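Undergrad:
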Amino acid sequence: MSVTTAIQLISRGEAGAPAVGTCSPNLARDPWAFDALPLPDYGPGASMHDAAPPATPRQGELPEAYRTAPAEELDRRILAAKEALGDSVVILGHFYQRDEVVKYADFVGDSYQLARAATERSSAEAIIFCGVHFMAETADMLSTPQQAVILPNLAAGCSMADMADIDSVSECWDQLTELFGSEPDASGRQPVIPVTYMNSSAALKGFCGEHGGIVCTSSNAAAVLEWAFERGQRVLFFPDQHLGRNTAKAMGVPLEQMPMWNPRKAWGGTDEQTLRDSRVILWHGFCSVHKRFTVEQIEKARADFPGVRVIVHPECPMPVVDAADESGSTDYIRKAIDAAAPGSTFAIGTEINMVNRLAAQYPEHTIFCLDPVICPCSTMYRIHPGYLAWVLEGLVEGRVLNRITVPDSVAEPARVALNRMLAVQP
Ligand code: 13P
Ligand code: SF4
Numbered sequence: 008m009s010v011t012t013a014i015q016l017i018s019r020g021e022a023g024a025p026a027v028g029t030c031s032p033n034l035a036r037d038p039w040a041f042d043a044l045p046l047p048d049y050g051p052g053a054s055m056h057d058a059a060p061p062a063t064p065r066q067g068e069l070p071e072a073y074r075t076a077p078a079e080e081l082d083r084r085i086l087a088a089k090e091a092l093g094d095s096v097v098i099l100g101h102f103y104q105r106d107e108v109v110k111y112a113d114f115v116g117d118s119y120q121l122a123r124a125a126t127e128r129s130s131a132e133a134i135i136f137c138g139v140h141f142m143a144e145t146a147d148m149l150s151t152p153q154q155a156v157i158l159p160n161l162a163a164g165c166s167m168a169d170m171a172d173i174d175s176v177s178e179c180w181d182q183l184t185e186l187f188g189s190e191p192d193a194s195g196r197q198p199v200i201p202v203t204y205m206n207s208s209a210a211l212k213g214f215c216g217e218h219g220g221i222v223c224t225s226s227n228a229a230a231v232l233e234w235a236f237e238r239g240q241r242v243l244f245f246p247d248q249h250l251g252r253n254t255a256k257a258m259g260v261p262l263e264q265m266p267m268w269n270p271r272k273a274w275g276g277t278d279e280q281t282l283r284d285s286r287v288i289l290w291h292g293f294c295s296v297h298k299r300f301t302v303e304q305i306e307k308a309r310a311d312f313p314g315v316r317v318i319v320h321p322e323c324p325m326p327v328v329d330a331a332d333e334s335g336s337t338d339y340i341r342k343a344i345d346a347a348a349p350g351s352t353f354a355i356g357t358e359i360n361m362v363n364r365l366a367a368q369y370p371e372h373t374i375f376c377l378d379p380v381i382c383p384c385s386t387m388y389r390i391h392p393g394y395l396a397w398v399l400e401g402l403v404e405g406r407v408l409n410r411i412t413v414p415d416s417v418a419e420p421a422r423v424a425l426n427r428m429l430a431v432q433p
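Taking our numbering, the leading residue of the sequence shown gets 8, the next gets one more, and so forth.
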């Protein structure tokens, strides 16, 4: 059963509904209900306590025909538009995308693979990105200028990416430069190397490009940190504190050398000596989906299923990663399940659409999500087949809707940081 079907059955209290609930009754509402709100909103669910910044992109009203069309009609229209467009369009889908949308994707992958896929589909005139805003920006920067990257719902953002903005990172950088200066040490290492997680705005990737820094994803974070330590005395890692902490800890960096920088506090809420002693300065950002996973859920899974293999995403808090058997990117999780002996049992700590899809794809295993409550990535969930039909039919009519373009002044330095990442072998 798809996550969307489960949510609908739960909300209607119908027979066959999963016994557990959802993290918000608003999940059962159509995404266009949130497009109509006067203030930007991350939508229902995991991110509901995060306030969306005023500059968050907004989606205008989806035309009524797409809001009211039954699922079968949207299906027919999407397939007909895809057929008419042929190879001129490619649809990319992230592993967390809902089944009702991801089934139309020509390629499904993690954020690193999707970034690469965008560079490899040079014949497509349009790339429809069924992921979130930062992924579409990256695809725009890595594709050719002739290609249009389209995000079907502009409100499909990422609350974690929004936790670090260019102004607060620049302010932090200025303070660090005041403290450490900008001269390399005797072995040529810079005082600080900025590293941004892929889940960040193009502006922050550009910042890294301009300041000798680099981008990482959850599948190459250790190799990227290695790259940064070769070139710097310490790293400023944003926006995800958990990926930074989990990766650096696994590389042997002591916790006391990883202070947190909270942009809402003076000197980030830390002090001069701690910063001088630091190896990794962690930004105060997190993913609201992965923050839900707990050590208690792992203990329960082990009590209920002796021998269970617990794999979590490195965006989970450190105690959860430490308690799990393994941690890795979405593609790592998929490969681990694919390589397991039939009859294995997996408890997974990542987004529910991906976990349920893996459970359906690998019926020879028992696969379940550590969090019993259904709570998808609320922003990715804003992409509904109605928006996909709308942008595809727009292309058939010669109209490019919801194009994501990164200005050259930002894209050029951002590509420097992205290409540094693509050159690092995980
Ligand atoms: P991956 O890089 O593993 O695809 O994860 C992206 C993401 O947004 C996780 O929350
Ligand atoms: Fe952002 Fe978390 Fe959604 Fe990933 S799962 S896109 S980090 S909000």
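Glycine included, C-beta positions come from ideal geometry on N, C-alpha and C. Keep in mind that this is a model prediction, so the values were computed, not measured.
1) How would you call Lys342, buried or exposed, if buried means at least 16 neighbouring beta carbons within 10 angstroms?
2) Looking at the unbroken alpha helix (DSSP H) that takes in Thr224, where does it start and where does it end?
3) Please name the residue, chosen from Gln248, Gly213 and Ala210, that lies closest to Ser225 on a Cα-to-Cα basis.
4) Residue range of the beta strand (DSSP E) that Gly405 falls in?
5) Could you give the first and the last residue of the continuous alpha helix (DSSP H) run that contains Thr12?
6) Is Ser166 helix, strand or coil by DSSP?
7) Over the uninterrupted beta strand (DSSP E) stretch that includes Val96, give me the two end residues.
8) Do Asp117 and Ser334 have their C-beta atoms closer together than 7 Å?
9) Going along the chain, which unbroken runs of the beta strand (DSSP E) with 3 or more residues stay wholly within the stretch 54-124?
10) Is it the case that the stretch 388-401 contacts the stretch 165-184, given that we only count it when at least three CB pairs across the two stretches are under 8 Å?
11) I'd like to confirm the pairing. Which residues does DSSP put opposite Glu333 in its beta bridges?
12) To the nearest angstrom, how far is it from the Cα of Met55 to the Cα of Pro47?
13) Could you say which of Ala396, Arg128, Lys110 and Leu243 lies nearest to Pro70 if we only look at CA atoms?
14) Any heavy atom of the ligand 13P closer than 6 Å to the CB of Ser336?
15) Within 10 Å of its beta-carbon, does Ala53 have 16 or more other beta-carbons around it, so buried, or fewer, so exposed?
16) Quick one: does the C-beta of Val109 sit closer than 6 Å to a heavy atom of the ligand SF4?
17) DSSP state of Arg241, grouped into three classes?
18) Could you give the uninterrupted runs of the beta strand (DSSP E) lying entirely in the stretch 365-427, keeping only those of 3 residues or more?
19) Express the C-alpha separation of Thr75 and Trp268 in angstroms, rounding to a whole number.
20) Could you give the C-beta distance for Ala155 and Arg364, rounded to a whole number, given that I count them as a contact under 8 Å?
21) Quick one: what's got a C-beta closer than 6 Å to Ala91's C-beta in the same chain, skipping five residues either side?
22) Nearest CA to the CA of Gly276: which residue from His291, Arg252 and Glu306?
23) Assuming Ile14 contacts Leu44 (C-beta within less than 8 Å), just tell me the rounded distance between them.
24) List the DSSP bridge partners of Pro201.
25) With 16 other CB atoms within 10 Å as the buried threshold, where does Ser95 fall?
26) How far does the alpha helix (DSSP H) with Thr184 in it extend, from its first residue to its last?
27) Indicate whether the contact test is met: 3 or more Cβ pairs, each with one atom in the stretch 204-222 and one in the stretch 414-428, closer than 8 Å.
28) Can you give the beta carbon distance from Tyr73 to Ala59, rounded, assuming they're within the 8 Å contact cut?
29) With a threshold of 8 Å, are at least 3 pairs of Cβ atoms found where one atom belongs to the stretch 103-117 and the other to the stretch 140-150?
30) Based on the DSSP output, what are the partners of Thr29 in its beta bridges?
31) Can you give me the C-alpha to C-alpha distance between Asp311 and Tyr388, rounded to a whole angstrom?
32) Is any non-hydrogen atom of the ligand SF4 found closer than 6 Å to the C-beta of Val139, if you look at the structure I gave you?
33) Quick check on Cys294: does DSSP put it in helix, strand or coil?
34) Is the beta carbon of Ala112 closer than 7 Å to that of Leu149?
TA: Reading it off the structure:
1) On the sequence shown, residue 342 is found 335 positions in, with the first residue counted as 1. Result: exposed.
2) As a position in the sequence shown, residue 224 is number 217, starting the count at 1. Run containing Thr224: none; DSSP gives neither H nor E here.
3) The residue you call residue 225 lines up with position 218 of the sequence shown. The shortest CA-to-CA distance from Ser225 to any of Gln248, Gly213 and Ala210 is the one to Gln248.
4) In the sequence shown, residue 405 corresponds to position 398, counting from 1. Here Gly405 belongs to no beta strand (DSSP E), and DSSP marks it neither H nor E.
5) The residue you call residue 12 lines up with position 5 of the sequence shown. Counted as a single uninterrupted DSSP element, the alpha helix (DSSP H) harbouring Thr12 occupies residues Val10 to Arg19.
6) Within the sequence shown, numbered from 1, the residue matching residue 166 stands at position 159. Note: Ser166 maps to coil in three-state DSSP.
7) By 1-based counting over the sequence shown, the position of residue 96 is 89. Element bounds for Val96: Val96 to His101.
8) In the sequence shown, residue 117 corresponds to position 110, counting from 1. In the sequence shown, residue 334 corresponds to position 327, counting from 1. Result no, Cβ atoms of Asp117 and Ser334 do not sit closer than 7 Å.
9) Taking only runs of at least 3 residues, the beta strand (DSSP E) segments lying wholly in the stretch 54-124 are 96-101 and 114-116.
10) No, the stretch 165-184 is not in contact with the stretch 388-401.
11) In the sequence shown, residue 333 corresponds to position 326, counting from 1. In DSSP, Glu333 forms a bridge with Ile318.
12) To locate residue 55, count along the sequence shown from 1; it is residue 48. To locate residue 47, count along the sequence shown from 1; it is residue 40. For Met55, the pLDDT reaches just 45, beneath the cut-off of 50, and the residue's location in the model is therefore unreliable, although a value from the coordinates is still provided. Near 12 Å, if we compare the C-alpha coordinates of Pro47 and Met55.
13) Here the question's residue 70 lines up with position 63 in the sequence shown. Relative to the Cα of Pro70, the nearest Cα in the group Ala396, Arg128, Lys110 and Leu243 belongs to Ala396.
14) Against the sequence shown, residue 336 aligns to sequence position 329. Yes, Cβ of Ser336 sits closer than 6 Å to a heavy atom of the ligand 13P.
15) Position 46 of the sequence shown, counting from 1, holds the residue named residue 53. For Ala53, the predicted structure reports a pLDDT of 49, less than 50, and the residue's modelled location is therefore unreliable. A value from the coordinates is still provided. Buried: at least 16 other Cβ atoms inside 10 Å.
16) Position 102 of the sequence shown, counting from 1, holds the residue named residue 109. Val109 Cβ: outside cutoff for every heavy atom of the ligand SF4.
17) Here residue 241 corresponds to residue number 234 of the sequence shown, with the count starting at 1. Here Arg241 sits in coil by DSSP.
18) Here the runs fully enclosed are 373-376.
19) What you label residue 268 is simply residue 261 of the sequence shown in a count that begins at 1. What you label residue 75 is simply residue 68 of the sequence shown in a count that begins at 1. Taking C-alpha positions only, Trp268 is separated from Thr75 by approximately 46 Å.
20) Here residue 155 is taken as the residue at index 148 of the sequence shown, counted from 1. Here residue 364 is taken as the residue at index 357 of the sequence shown, counted from 1. Incorrect: roughly 28 Å between the Cβ atoms, too far for contact.
21) The sequence position of residue 91 within the sequence shown is 84, counting from 1. Around Ala91: Val403.
22) To locate residue 276, count along the sequence shown from 1; it is residue 269. The residue with the shortest Cα to Cα distance from Gly276 is His291.
23) On the sequence shown, residue 14 is found 7 positions in, with the first residue counted as 1. On the sequence shown, residue 44 is found 37 positions in, with the first residue counted as 1. Contact doesn't hold; Cβ gap of about 20 Å is too wide.
24) As a working mapping, residue 201 is identified with position 194 in the sequence shown. DSSP, once it has assigned bridges, lists Leu243 as partnering Pro201.
25) Taking the first residue of the sequence shown as 1, we reach residue 95 at position 88. Counting Cβ neighbours within 10 Å, Ser95 comes out exposed, since fewer than 16 surround it.
26) One-based indexing of the sequence shown puts residue 184 at position 177. From DSSP, the alpha helix (DSSP H) with Thr184 extends over Ile173 to Phe187.
27) Touching, yes.
28) Against the sequence shown, residue 73 aligns to sequence position 66. Against the sequence shown, residue 59 aligns to sequence position 52. About 23 Å; that fails the 8 Å criterion.
29) At 8 Å Cβ cutoff, the stretches do not touch.
30) What you label residue 29 is simply residue 22 of the sequence shown in a count that begins at 1. According to DSSP, Thr29 bridges with Ile381.
31) Here the question's residue 311 lines up with position 304 in the sequence shown. Here the question's residue 388 lines up with position 381 in the sequence shown. Using only the alpha carbons, I get a separation of about 30 Å.
32) By one-based count along the sequence shown, residue 139 stands at place 132. Yes, the beta carbon of Val139 sits closer than 6 Å to at least one heavy atom of the ligand SF4.
33) Within the sequence shown, residue 294 is the residue found at index 287, counting from 1. Coil at Cys294, not helix or strand.
34) Start at 1 with the first residue of the sequence shown, and residue 149 comes out as number 142. Start at 1 with the first residue of the sequence shown, and residue 112 comes out as number 105. Going by C-beta atoms, Leu149 is not nearer than 7 Å to Ala112.
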